[in-house]
Structure formats: C-alpha cells, structure tokens
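The next block holds one structure in the form of structure tokens; read it before the comments.
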Amino acid sequence: MNVTLTAAERQQAAATYDAIIIGAGISGMFMLYRLREMGLSVRVFEMGSNVGGTWYWNRYPGARFDSESWTYGYSFSKELLQEWDWKEHFSPQPDTLEYLNYVADKFDLRRDMQFHATVNAAHWDEAANQWTVTLDDGSQTRARFLFTAIGILSAHTLPAIPGRDSFQGPAYHPARWPHTPVDFTGKRVGIIGTGATAIQAIPEIAKQAKHLTVFQRRPNWAAPLHNAKISPEEMASIKARYEEIYAHCAQTPTWFIHQSDPRKTLDVPPAEREAFWEKLYAEPGFGIWIGNFSDMLIDEKANAAISAFIADKIRQRVKDPALAEKLIPKDHGFGTRRVPLESGYFETYNRDNVTLIDTLEDEPIVCITPKGVKTAKQEHEFDIMVYATGFDGVTGAFDRIDFRGTNGALLRDVWRDGPRTYLGMVADHFPNMLMVLGPHTARGNIPQAIEHSVGFQTGLIRHMLDHGYTHVETRPEKVDAWTEIVIKAAEPLLSSKVPSWQTGVNRNVEGRQVLRVLGYNGNGAHFRRTTDEEAKSGYQSFAFR
Ligand SMILES: Cc1cc2nc3c(=O)[nH]c(=O)nc-3n(C[C@H](O)[C@H](O)[C@H](O)COP(=O)(O)OP(=O)(O)OC[C@H]3O[C@@H](n4cnc5c(N)ncnc54)[C@H](O)[C@@H]3O)c2cc1C
8 MNVTLTAAER QQAAATYDAI IIGAGISGMF MLYRLREMGL SVRVFEMGSN VGGTWYWNRY
68 PGARFDSESW TYGYSFSKEL LQEWDWKEHF SPQPDTLEYL NYVADKFDLR RDMQFHATVN
128 AAHWDEAANQ WTVTLDDGSQ TRARFLFTAI GILSAHTLPA IPGRDSFQGP AYHPARWPHT
188 PVDFTGKRVG IIGTGATAIQ AIPEIAKQAK HLTVFQRRPN WAAPLHNAKI SPEEMASIKA
248 RYEEIYAHCA QTPTWFIHQS DPRKTLDVPP AEREAFWEKL YAEPGFGIWI GNFSDMLIDE
308 KANAAISAFI ADKIRQRVKD PALAEKLIPK DHGFGTRRVP LESGYFETYN RDNVTLIDTL
368 EDEPIVCITP KGVKTAKQEH EFDIMVYATG FDGVTGAFDR IDFRGTNGAL LRDVWRDGPR
428 TYLGMVADHF PNMLMVLGPH TARGNIPQAI EHSVGFQTGL IRHMLDHGYT HVETRPEKVD
488 AWTEIVIKAA EPLLSSKVPS WQTGVNRNVE GRQVLRVLGY NGNGAHFRRT TDEEAKSGYQ
548 SFAFR
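Under the numbering used here, residues 8 to 552 are what the sequence shown spells out, in order.
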C-alpha cells in the first residue's frame with residue numbers, strides 16, 4: 008500500500024531526540040561522545056556509509072596528513088592516546104580511517120548513527136522549540152538541538168567544463184574515490200587541477216600509469232613533507248610526552264607544534280636568513296610555512312624573499328628550466344594559500360611518462376570529450392580521468408542544506424555577503440543550532456580546534472541543563488562584533504587578497520568568484536581566551552529562556 012503522508016502527518020510521525028548531529032567525521036563523532044556522556048539522546052545523520060568524514064571520502068593515492076599524526080588524534084581520552092600507535096609521522100589515509108573506526112568501535116558510536124542519510128533540510132519550529140530535519144528519502148526527525156558537523160572541505164566540486172559527463176572511461180573526484188584501489192597500470196591518465204590533492208596524488212599515479220597528463224591552470228606553491236615511519240621506540244617516547252605535546256599545541260596560534268620566529272625577515276642578515284630557510288625546508292611538516300619569520304605572511308617584501316627562495320628550490324628540482332618556470336606561481340606569494348606538502352611532486356615532472364599542460368597560456372581546455380580532453384591545440388585521449396578540482400570550502404556544505412531559522416530565515420540569504428556568526432559557532436536567527444567548525448571560527452590543526460569547539464558547546468548545553476533553559480540564541484550585537492573582529496584580523500594578511508578555498512573562491516561554482524573572509528585568522532590563543540572568558544562569565548553573550 009502506498010501511503011502518502013501530508014507534511015503535518017510526516018512531522019507528527021517523526022522520531023524526536025534531544026539532539027541531532029549532521030556529519031560523522033571527527034567533529035560529529037566527538038560531539039556525539041560528549042552529548043551522550045551528558046545523558047542526551049542523540050541521532051547522527053551521515054551521507055557516507057561509515058564514520059571518518061574527510062578520511063572516509065578521500066581515498067585517492069597519496070592522501071595523507073600534513074599535520075603531525077601524533078598531534079592529530081583526539082586528546083580527550085588518555086586511554087585512547089596510549090592504545091593507538093601511529094605508524095608514520097604524517098599518517099596515510101587508510102591508517103587514519105582505521106584509527107577513526109577504532110575510535111567508533113571503542114566508544115560504540117555507531118549505534119546512534121544513521122548512514123546513507125543525507126540531510127536536505129533543517130527547519131526551526133518556533134512553536135515546538137525544535138528543529139525538524141529532513142533526509143533525502145523524505146523522512147523527518149526532530150530535536151531540541153541541532154549540531155552541524157558537516158566539514159569545511161566536504162562539499163566537493165567538479166570542473167565546470169563543457170562535455171564533462173560525456174567522457175566514456177572512468178572519471179574520479181579524489182573526494183569520491185572508489186573503496187577499492189584504482190589500478191592505473193598501463194593506462195593513459197589525465198588529471199585536471201594542481202591543488203593540494205593533486206600534489207599528493209600526481210607522484211603516486213605517475214609511478215603506475217603508462218602516461219600521466221596534468222592540466223594546470225595555475226601552479227601552487229608546495230614544500231617537502233619529509234614523512235617517515237615511526238619506530239616502536241619513537242612511538243613509546245611520543246606516548247610518554249603526549250601531555251606536554253598537546254599542552255604545547257594549545258599555546259601556539261594554530262594548534263600545530265610549529266610557531267613563527269619572532270624576527271622580521273629583512274632584519275636578519277641574508278646568510279643567516281638563507282641558513283634558517285634551508286633548515287626549515289629540510290624539516291618535516293609545516294615549519295617552512297607557519298614556523299617562518301613573523302612577517303612572512305603580512306609583509307610583501309618578506310614574502311617576496313621567501314617566495315624567491317622556494318622558487319629556486321623548484322628550479323633545482325625540475326630538470327627542464329622552462330617546465331620549472333611553469334611550476335612556479337607568479338600570481339601569489341608563498342604561504343598565502345594553505346601550503347600543500349609534497350613527496351617528490353616536482354621530481355615527478357622529470358619523468359618521461361608525465362606531461363604538464365598549461366591551460367592558461369599554452370593550451371586552454373575547450374571541452375571534455377568521450378575520449379578525453381580537447382584543448383585549443385589537440386584532443387588528448389585518456390583511459391582514466393581524475394577531476395582534482397577541490398571543494399566549495401567552508402560554506403559549501405552549509406549551502407547544500409536548506410537551513411531555515413526564525414520566521415523562515417534562510418541561512419544562505421543571511422550569509423549572502425559572507426558568513427556572520429558569533430565565534431563561528433552560532434548564527435543570528437538560528438536558535439539552538441551550534442556549528443562545530445563553522446565559518447569564522449579558529450582553525451589550524453583541526454582536530455584540536457574541534458575538541459576546543461565541542462568543549463565550549465557542550466559547556467553551553469550543560470549550562471542550559473543546569474538552569475532549565477531550553478532555548479538559546481546569540482545576541483545580534485555579538486554577531487556584529489565578532490564578524491568585525493574576524494574581518495579586521497584578516498585585513499593585514501596577504502592571503503586575504505588571494506583567491507583560494509580559504510577565501511571562498513571556487514571557479515567551478517557559480518557565484519563563488521568573490522573573495523570572502525571565512526575563518527578567524529587572528530591568534531588562536533586569543534580565540535581560546537575569548538571562549539574561556541565567555542564560559543566563565545556564564546555565557547553572557549547568549550540569550551537563554
Ligand atoms: C585531503 C584532505 C587532507 C586534509 N589534511 C588535514 C591535515 O593534515 N590536518 C588538518 O588539520 N586538517 C586536514 N584536513 C581537513 C579535514 O577536513 C579536518 O582535519 C577534519 O577531518 C574535519 O573533520 P569534520 O568532522 O569537521 O569534517 P569532515 O571530515 O569533512 O566530515 C563532515 C561529514 O559530514 C558529512 N555531511 C556533510 N553534509 C552532510 C549532509 N547534508 N548530510 C549528511 N552528512 C553530511 C560528510 O559526508 C562528512 O562525512 C584535510 C582535508 C582534506 C580534504
């Protein structure tokens with residue numbers, strides 16, 4: 008019997024929980040753990056078939072951390088820290104996914120999770136003081152509190168190139184990679200894009216493919232990762248130092264082990280400067296980016312100097328000088344986009360089976376054809392295509408859900424000219440909705456930012472439970488003030504003038520060509536102080552009832 012329910016009947020039939028969480032990545036998993044600990048009934052909706060978020064979806068060859076593994080794990084459970092052995096300093100995706108599955112098993116998280124469940128809409132019901140969440144199958148669920156844990160890099164985007172769907176061979180986006188490895192052996196492969204993902208994937212694909220053709224619109228700066236295995240002795244030493252490591256990260260501006268050198272670039276004599284950069288370039292991780300001189304990301308001349316240093320490194324590593332020049336960015340300075348860390352990326356272009364095509368100056372792409380890619384000069388034929396065209400960063404996952412707050416306010420409209428939040432956690436007109444890793448929050452080494460954010464938000468819920476409140480909203484003047492702080496903090500940064508996912512630009516998404524401020528780029532310590540003071544003050548920036 009086919010029973011069609013009216014909207015009102017569907018709502019009535021809906022199961023009700025204390026809280027709904029959208030997303031089962033690192034944010035959603037930890038939020039579930041904490042809310043459950045407080046005795047709340049919780050339902051998690053996740054569009055994938057299991058936990059892990061980023062590490063569930065991004066199974067492309069070469070996918071791995073640029074955070075040190077031993078600073079990326081959850082720190083809330085000492086037991087977990089002691090139980091888990093990281094195998095590499097920068098963990099590859101399969102190991103990270105295994106870790107997150109281990110966490111889900113250990114804390115029995117999946118029993119409150121519903122997979123293959125894409126949230127299409129979340130509507131606030133003022134009369135019932137509840138959220139109604141609608142999934143893609145039309146089913147509805149209600150809850151007093153709504154937590155978004157939908158990721159800053161989860162809304163993947165495909166190239167907006169005519170004929171994209173006509174390609175007859177397999178075509179993959181790295182964030183929708185098959186669950187069984189793709190075999191490139193003997194294949195002609197075309198990859199579109201040279202962002203962070205492509206920089207990880209290209210060396211790995213090139214090792215297997217018969218021929219790899221890279222279509223590059225604009226090159227990105229990249230620096231060596233210097234990954235290495237972790238020996239059992241090293242892991243034992245890390246375990247013994249965990250408390251110290253996490254305490255250190257909590258004091259740095261971005262929760263990484265790295266922090267900038269207080270000296271100014273041009274105050275340092277050239278030979279000493281050069282030696283410092285050589286040291287950073289030879290070290291693992293983000294030191295070259297966020298452990299560099301303090302003015303590198305705000306002063307044009309300082310930035311030009313480090314850019315020249317890195318450009319020379321590329322020239323040294325790529326044998327063909329003309330090709331090296333093609334791989335050196337000319338439209339932005341080093342570090343003004345999140346720096347991809349690479350393992351043999353530049354040397355890959357010395358291989359006979361790799362070709363770089365500059366689609367801006369030499370061979371603009373005309374269209375994708377059933378056989379491959381047609382440029383202004385020729386048609387390139389491929390067996391497999393990879394669309395490494397990234398994400399609609401930070402707000403993309405929000406835009407894909409029909410969020411409606413008080414009086415039907417649509418989140419997309421409220422944020423039309425850029426996000427407006429308090430602490431990146433709450434938006435005006437959206438009561439009882441809390442965002443883990445929302446726009447305008449502090450980020451960096453993300454799981455630690457997540458733990459901080461979840462801590463603040465669950466503290467707020469605890470405060471409500473203790474006082475018998477059922478409704479929380481931020482105060483509009485607080486949203487104005489925080490938005491102003493975030494925009495001011497971004498002003499001195501050279502990165503604020505550079506199109507990237509971090510400034511909300513995605514050339515493959517209509518309406519996403521204008522630069523926006525999407526994160527809090529001030530000092531993370533200031534952010535942590537602000538949230539701590541807010542909690543201590545009894546959450547005075549919020550209105551409860
Ligand atoms: C390739 C790659 C490498 C990275 N490396 C690092 C690194 O080294 N260090 C670092 O700090 N960060 C890194 N990041 C950022 C990374 O996203 C975070 O570290 C972290 O995984 C974020 O966790 P999350 O739970 O907030 O979001 P995600 O992991 O993105 O999880 C969000 C989840 O929400 C689900 N979802 C979204 N919308 C809906 C919907 N409408 N309905 C149902 N479910 C939905 C998604 O399916 C996803 O599972 C990387 C990101 C990428 C893409």
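C-beta atoms are modelled at their ideal positions from N, C-alpha and C, and glycine is treated no differently.
Any non-hydrogen atom of ligand 1 closer than 8 Å to T125 Cβ: Position 118 of the sequence shown, counting from 1, holds the residue named residue 125. Within the cutoff, so yes.
Buried or exposed (CB count within 10 angstroms, at least 16 for buried), F83: The residue given as residue 83 occupies position 76 in the sequence shown. Label assigned to F83: exposed.
Alpha carbon of W131 to alpha carbon of D409, nearest angstrom: Start at 1 with the first residue of the sequence shown, and residue 131 comes out as number 124. Start at 1 with the first residue of the sequence shown, and residue 409 comes out as number 402. Using only the alpha carbons, I get a separation of about 11 Å.
G342, buried or exposed, once every other Cβ within 10 Å from all chains shown has been counted against 16: Position 335 of the sequence shown, counted from the first residue, corresponds to residue 342. So G342 ends up on the buried side.
Buried versus exposed, by CB contacts within 10 Å (16 or more), R552: The residue labelled residue 552 in the question sits at position 545 within the sequence shown. Result: exposed.
Opening and closing residue of the alpha helix (DSSP H) in which G466 lies: Residue mapping note: residue 466 aligns to position 459 of the sequence shown, counting from 1. Element bounds for G466: 453 to 474.
Selection from R248, I305, I335 that minimises the alpha carbon distance to T272: As a position in the sequence shown, residue 272 is number 265, starting the count at 1. Ranking the options by Cα distance to T272, first place goes to I305.
CA nearest to the CA of R149, picked from G351, D319, S48, V196: Within the sequence shown, residue 149 is the residue found at index 142, counting from 1. Checked all of G351, D319, S48, V196; the closest Cα to R149 is S48.
Boundaries of the beta strand (DSSP E) in which T155 is found, first to last residue: Your numbering for residue 155 matches position 148 in the sequence shown. It spans 147 to 155 - the beta strand (DSSP E) in which T155 sits, taken as one unbroken run.
Coarse secondary structure for P554, derived from DSSP in three states: There is no way to answer for residue 554, as the model of the chain reaches only from 8 to 552.
Cβ neighbours of T362 in the same chain (closer than 8 Å, five flanking residues each side left out): Position 355 of the sequence shown, counted from the first residue, corresponds to residue 362. Only H218, L219, T220, V221 meet the Cβ criterion.
For A21, the three-state DSSP class (helix, strand or coil): In the sequence shown, the residue the question calls residue 21 occupies position 14. Correct three-state label for A21: coil.
Pair within 9 Å by beta-carbon distance, V401 and W262: Your numbering for residue 401 matches position 394 in the sequence shown. Your numbering for residue 262 matches position 255 in the sequence shown. Not in contact: V401 and W262 (Cβ atoms no closer than 9 Å).
Nearest-angstrom Cβ-Cβ length linking D435 and P483, presumed shorter than 8 Å: Start at 1 with the first residue of the sequence shown, and residue 435 comes out as number 428. Start at 1 with the first residue of the sequence shown, and residue 483 comes out as number 476. That pair is a contact at about 5 Å.
Other residues of its chain near R322: CB distance less than 6 Å, five sequence neighbours each side excluded: Taking the sequence shown and counting its residues from 1, the one referred to as residue 322 is at position 315. Taken in chain order, the residues that qualify are A331.
Through-space distance from R411 to P336, alpha-carbon basis: Working through the sequence shown from its first residue, we reach residue 336 at position 329. Working through the sequence shown from its first residue, we reach residue 411 at position 404. Cα-Cα distance, rounded: 41 Å.
One or two residues paired with K381 in a DSSP bridge: Reading the sequence shown from its first residue, position 374 is the one you call residue 381. C374, E386, per the DSSP bridge assignment.
For D390 and R195, the rounded distance between their alpha carbons: Reading the sequence shown from its first residue, position 188 is the one you call residue 195. Reading the sequence shown from its first residue, position 383 is the one you call residue 390. Cα-Cα distance, rounded: 5 Å.
Span separating the alpha-carbon of K214 from that of A383: Here residue 214 refers to the residue found at position 207 when the sequence shown is read from its first residue. Here residue 383 refers to the residue found at position 376 when the sequence shown is read from its first residue. Going by the C-alpha atoms only, they are around 28 Å apart.
Chain-order list of residues whose beta-carbon lies under 7 Å from that of R407 (same chain, five-residue window excluded): The residue labelled residue 407 in the question sits at position 400 within the sequence shown. So the list reads A162, once near-sequence residues are dropped.
Of the listed residues T201, R514, R151, nearest to T355 (C-alpha basis): Stepping through the sequence shown from its first residue, residue 355 is reached at position 348. Minimum Cα distance to T355 is reached at T201.
Close-in-space but distant-in-sequence residues of the same chain around E386 (CB under 8 Å, 5 per side omitted): Position 379 of the sequence shown, counting from 1, holds the residue named residue 386. Excluding residues within five positions, the ones whose Cβ falls inside 8 Å are T376, K378, G379, V380.
Residue of E541, F122, K543, E498 minimising C-alpha distance to L522: As a position in the sequence shown, residue 522 is number 515, starting the count at 1. L522 has its Cα closest to that of E498, out of E541, F122, K543, E498.
Residue nearest to H186 in terms of C-alpha spacing, selected from P101, E541, Q520: Translated into positions along the sequence shown, residue 186 becomes position 179. Residue P101 is the option with its Cα nearest to H186.
Check: G158 C-beta below 8 Å from any heavy atom of ligand 1: Walking along the sequence shown from the start, residue 158 turns up at place 151. Result yes, Cβ under 8 Å from ligand 1.
Near ligand 1: F398 beta-carbon under 8 Å from a heavy atom: Position 391 of the sequence shown holds residue 398. Correct: F398 has its Cβ closer than 8 Å to ligand 1.
Best match in T204, D420, P371, I212 for proximity to R224 [C-alpha to C-alpha]: Position 217 of the sequence shown, counted from the start, is the residue given in the question as residue 224. Checking every option, the nearest Cα to that of R224 belongs to P371.
Rounded straight-line distance, which links the Cα of T103 to that of W64: Here the question's residue 64 lines up with position 57 in the sequence shown. Here the question's residue 103 lines up with position 96 in the sequence shown. Rounded to whole angstroms, W64 to T103 spans 12 Å at the Cα level.
Where the beta strand (DSSP E) containing G60 begins and where it ends: If you number the sequence shown from 1, residue 60 lands on position 53. Here G60 belongs to no beta strand (DSSP E), and DSSP marks it neither H nor E.
The region 36 to 50 contacting the region 85 to 95, beta-carbon criterion three pairs below 8 Å: no
Separation of D190 from R519, as counted between CA atoms: Mapped onto the sequence shown, residue 519 falls at position 512. Mapped onto the sequence shown, residue 190 falls at position 183. Taking the straight line from one Cα to the other gives about 34 Å.
Cβ-based neighbour list, R171, same chain, cut-off 6 Å, excluding 5 preceding and 5 following: Looking up residue 171 in the sequence shown gives position 164. Here the set comprises I375.
Cα-Cα separation between N9 and Y40, rounded to whole angstroms: By one-based count along the sequence shown, residue 9 stands at place 2. By one-based count along the sequence shown, residue 40 stands at place 33. The pLDDT assigned to N9 is 37, lower than 50, so where the model puts this residue is not dependable, and the model offers no usable value.
Nearest-angstrom Cα separation, counted from G176 out to K578: Given a span of 8 to 552 for the chain in the structure shown, any question on residue 578 remains unanswerable.
DSSP-derived helix/strand/coil call for V10: Taking the first residue of the sequence shown as position 1, residue 10 is located at position 3. With a pLDDT of 44 at V10, under the threshold of 50, the modelled position of this residue cannot be trusted; read the value that follows with caution. Coil.
Three-state secondary structure assigned by DSSP to D338: The sequence position of residue 338 within the sequence shown is 331, counting from 1. Reduced to three states, the DSSP call for D338 is coil.
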